[in-house]
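S.K.: Numbering (the working numbering), first residue to last: 10 to 545.
All C-beta atoms, glycine included, are put in the ideal place defined by N, C-alpha and C.
Since this is a predicted model, take the numbers as computed values, not measurements.
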Amino acid sequence: MNLRVLMLMPGLVVLLTGMASGQAAPVPIRADLLLLGGRLLDGAGGDWVSADIGITGDKISFVGHAESARIRARDTVLVKELLVTPGLWDVHSHEEAGREPGRWGRPFVTQGVTTVILGIDGFGDNDIAATFARYRKQGITLNAARFVGHGPARTMVMGNDFARPAAPAEVDLMKAYIRKGMDEGALGFSTGLAYNPGYYSSTDEVIALNRVAAEYGGVYDTHDRDMGVSYKGVGFLNSVTEAIQIAEEGGTPLVFSHFNSLGLKAHPDMPEAIRRIEAARGRGVNIMGAQIVYTASESSVDGHLMPRWAPAGGPDSLLARLKDPVSWARMEPEIAEILANRGGPTKILITEGPKEFTKRSLSDIASRWGVTPTEAIRRLLIQTHGTRLMDMNLDIYSIENVRTLARKDWIMTTTDGYTPASDSTYTHPRTYGGFTRKFTQLVRDEKLITMPYAIRGMTSLPASFYGIPNRGLIKPGFFADIAVFDEARIQEKATYDEPRQYSEGTVHVLVNGKFALKNGKVTGVLAGQPIRRGGR
């Protein structure tokens with residue numbers, strides 16, 4: 010019996026048993042599961058084709074027409090007229106497995122997400138092996154890859170004495186920290202240069218650390234130094250140029266986290282930022298951006314609304330400065346300037362903190378207390394001891410820049426979100442609708458981009474960029490990470506008013522061949538796997 014290969018379309022291959030004339034009929038090929046009759050977008054960017062998909066174990070074993078190939082399966086699911094795609098990748102996620110494991114991933118899997126990338130914004134520690142062992146022990150809904158971060162490296166070496174450039178010997182110790190993370194499978198090196206302690210690092214320090222990641226073929230991931238509203242920052246365009254320099258001189262690919270310009274002053278700078286990125290790409294620097302499709306951001310109040318010196322040293326130090334009249338006299342006008350750059354107190358909503366103030370604007374809270382907005386910030390931080398006080402900044406991104414970036418073939422998609430705690434009363438809707446909004450607003454309503462183009466940027470593009478083999482496409486031999494959508498019913502339900510609502514229109518999601526979502530319901534099956542650099 011010989012094997013012959015039938016090419017149904019470019020990149021779509023089916024193995025059939027070829028028999029000489031007069032021989033007996035071929036023996037049926039067995040699979041564990043067949044998805045029958047779907048409209049397949051394989052993730053490569055081409056138009057859909059009608060195809061069946063066979064799954065054996067955790068892999069795709071067949072793509073084509075099952076009846077003619079005599080494919081038989083233990084289970085069959087009819088997906089006729091439904092859109093079948095690779096599972097989506099959230100390339101900048103704060104979804105950590107330590108948060109209520111039973112709920113981890115639900116807002117994501119209901120959008121079709123099967124893989125998240127963690128340890129971003131420079132926050133990822135280097136204990137990758139232990140973290141992955143914990144994932145395997147407790148089980149995770151989604152596949153998870155991780156970066157090793159600049160912040161923990163700097164903190165380990167410099168402690169609270171980080172408001173200065175690092176000495177050469179300190180940089181060497183940080184290199185060892187990064188090297189351990191890379192040895193244990195980190196995708197690369199991540200920075201959050203707008204946050205402490207990375208804010209105080211020199212460009213040369215970051216380049217030196219990035220060269221360690223380059224030795225392993227790693228990626229440089231950055232929340233760059235100034236997206237447009239950093240207090241006394243370097244400016245958005247200079248920040249973009251610095252990130253390119255770090256990657257180019259460090260010898261790595263580069264991904265800009267949640268790439269966009271923040272604030273009215275920086276919005277017009279986007280065309281020049283794109284020009285600089287595309288010029289570097291023309292020189293051979295492999296650069297990508299991760300896009301949020303909302304116009305509001307979310308972060309901690311001490312990260313968003315404070316000068317960097319104020320929270321240095323941690324919550325106790327911040328609390329002492331807030332209560333000290335001399336420190337507060339210095340801090341208050343700086344906070345007022347930051348608020349003005351971010352659109353004023355009406356644009357700031359508390360998303361996590363005292364329940365009586367969540368979902369309320371800073372201006373409302375200040376009016377309730379009869380104080381200035383800056384004094385309201387001081388009181389909120391004192392009340393919460395400077396921890397887990399989160400805010401949303403409305404209208405900080407330009408929707409026109411969102412549209413411009415969506416058309417770029419080097420843009421991926423992110424929620425920048427996390428599953429809120431079960432007792433949380435408010436959050437950013439991006440966690441529940443970041444991918445769905447792109448489908449509904451930019452694909453269906455505005456027809457700005459096509460569905461095949463959008464799916465490519467959420468699947469094969471990140472898998473290829475991060476160097477993860479056998480994921481991101483629907484083809485034989487690849488892991489069975491698959492999303493099935495009723496395209497006409499795809500709907501973002503989360504709103505700024507009521508954000509904790511799951512998206513609709515996602516029918517099935519398989520993670521490594523197991524249903525994480527079936528008939529629109531989360532199954533609770535924990536089939537996700539930790540993913541090391543290179544897929545190892």
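Is it buried or exposed for Arg446, if we count other Cβ within 10 angstroms and need 16 for buried?
M.R.: buried
S.K.: Can you give the Cα-Cα distance for Leu92 and Ser306, rounded to whole angstroms?
M.R.: Within the model, the alpha-carbon separation for Leu92 versus Ser306 is close to 31 Å.
S.K.: Alpha carbon to alpha carbon, what distance is there between Pro161 and Glu287?
M.R.: 32 Å
S.K.: Could you name the residues of the same chain whose beta carbon sits closer than 8 Å to that of Val380, not counting the 5 residues immediately before and after it, in chain order?
M.R.: Arg388
S.K.: Please list, in chain order, all residues of the same chain as Thr532 whose beta carbon is under 7 Å from its beta carbon, the five residues on each side excluded.
M.R.: Phe524, Ala525 and Leu526
S.K.: When you compare only the Cα positions, how much space is there between Glu105 and Pro37?
M.R.: 43 Å
S.K.: Quick one: using the 10 Å Cβ neighbour count with 16 as the cut-off for buried, is Ala329 buried or exposed?
M.R.: exposed
S.K.: Please confirm whether Leu348 and Ile391 have their CB atoms less than 8 Å apart.
M.R.: It is not a contact, given that the beta carbons lie outside the stated cut-off.
S.K.: With a threshold of 16 other CB atoms inside 10 Å of the CB of Gly291, please say whether the residue is buried or exposed.
M.R.: So Gly291 ends up on the exposed side.
S.K.: Leaving aside the five residues before and after Glu341 along the sequence, list all residues of the same chain whose C-beta is less than 6 Å from its C-beta, in chain order.
M.R.: Thr383
S.K.: For Val243, which of helix, strand or coil comes out of DSSP?
M.R.: coil
S.K.: Decide if Glu76 is buried, meaning its Cβ has at least 16 other Cβ atoms within 10 Å, or exposed.
M.R.: exposed
S.K.: In angstroms with no decimal places, state the Cα-to-Cα distance between Ile420 and Arg498.
M.R.: 25 Å
S.K.: Measuring only the C-alpha atoms, how far is Leu42 from Gly481?
M.R.: 19 Å
S.K.: Kindly indicate which residue of Arg397, Arg234, Lys274 and Gly114 has the alpha-carbon position closest to the one of Asp404.
M.R.: Lys274
S.K.: Less than 8 Å between the beta carbons of Thr304 and Thr360, yes or no?
M.R.: no
S.K.: Just to check my reading of the structure: Pro461 and Leu50 have Cβ atoms closer than 8 Å, yes? What is that Cβ distance to the nearest angstrom?
M.R.: 5 Å
S.K.: Can you tell me which of the three DSSP states Glu224 falls into?
M.R.: helix
S.K.: Keeping to the same chain, check which residues put their C-beta closer than 6 Å to that of Ile374; ignore five residues upstream and five downstream.
M.R.: Phe366 and Ala385
S.K.: Reducing DSSP to helix, strand and coil, say where Trp57 ends up.
M.R.: coil
S.K.: Which runs of the alpha helix (DSSP H) spanning at least 4 residues fall entirely within the stretch 430–490, listed in chain order?
M.R.: At a cut-off of 4 residues, the continuous stretches assigned as alpha helix (DSSP H) that sit fully inside the stretch 430–490 are 439–446, 460–467 and 469–474.
S.K.: Measure how close the beta-carbons of Ala492 and Thr94 come, nearest whole angstrom, since I'm counting them as under 8 Å.
M.R.: The Cβ separation is near 5 Å, so the contact holds.
S.K.: Could you compute how far the alpha carbon of Ile464 sits from the alpha carbon of Arg81?
M.R.: Looking at the backbone, the Cα of Ile464 and that of Arg81 are separated by about 29 Å.
S.K.: With distance defined between alpha-carbon atoms, name the residue in Asp233, Lys241, Thr261 and Val122 nearest to Phe444.
M.R.: Val122
S.K.: Would you call the stretch 219–228 and the stretch 164–172 touching, i.e. three or more CB-CB distances under 8 Å?
M.R.: Contact between the stretch 219–228 and the stretch 164–172 is absent: fewer than three C-beta pairs spanning the two stretches fall below 8 Å.
S.K.: Residues in its own chain within less than 6 Å of Ala175 by CB, not counting five upstream and five downstream?
M.R.: Hits under 6 Å: Glu214.
S.K.: Grab the span of the alpha helix (DSSP H) containing Asp233 for me, first residue to last.
M.R.: That residue, Asp233, is in no alpha helix (DSSP H); it is neither H nor E in DSSP.
S.K.: What residues are listed by DSSP as bridge partners for Ala153?
M.R.: Residue pairing by DSSP places Ala153 opposite Val125 and Pro539 in a beta bridge.
S.K.: Buried or exposed for His394, going by 16 or more other Cβ atoms inside 10 Å?
M.R.: Counting C-beta atoms within 10 angstroms of its own C-beta, His394 has fewer than 16 neighbours from the protein chains shown and is therefore classed as exposed.
S.K.: What would DSSP say about Asp181, mapped onto helix, strand or coil?
M.R.: helix
S.K.: Using the three-state DSSP reduction, which class does Pro508 fall into: helix, strand or coil?
M.R.: coil
S.K.: Taking Thr367 as part of the alpha helix (DSSP H), name the residues at either end of that continuous run.
M.R.: From DSSP, Thr367 is part of no alpha helix (DSSP H); its letter is neither H nor E.
S.K.: Count the other C-beta atoms from every protein chain shown that fall within 10 angstroms of the C-beta of Ala178, then say buried if there are 16 or more, exposed otherwise.
M.R.: exposed
S.K.: If we require 3 or more residues per run, which beta strand (DSSP E) segments fall completely within the stretch 295–342?
M.R.: 296–300 and 306–309
S.K.: Following the continuous alpha helix (DSSP H) through Arg163, name the residue where it begins and the one where it ends.
M.R.: His159 to Met167
S.K.: Look at the Cβ atom of Leu196, then the Cβ atom of Arg542, and state whether they are nearer than 8 Å.
M.R.: yes
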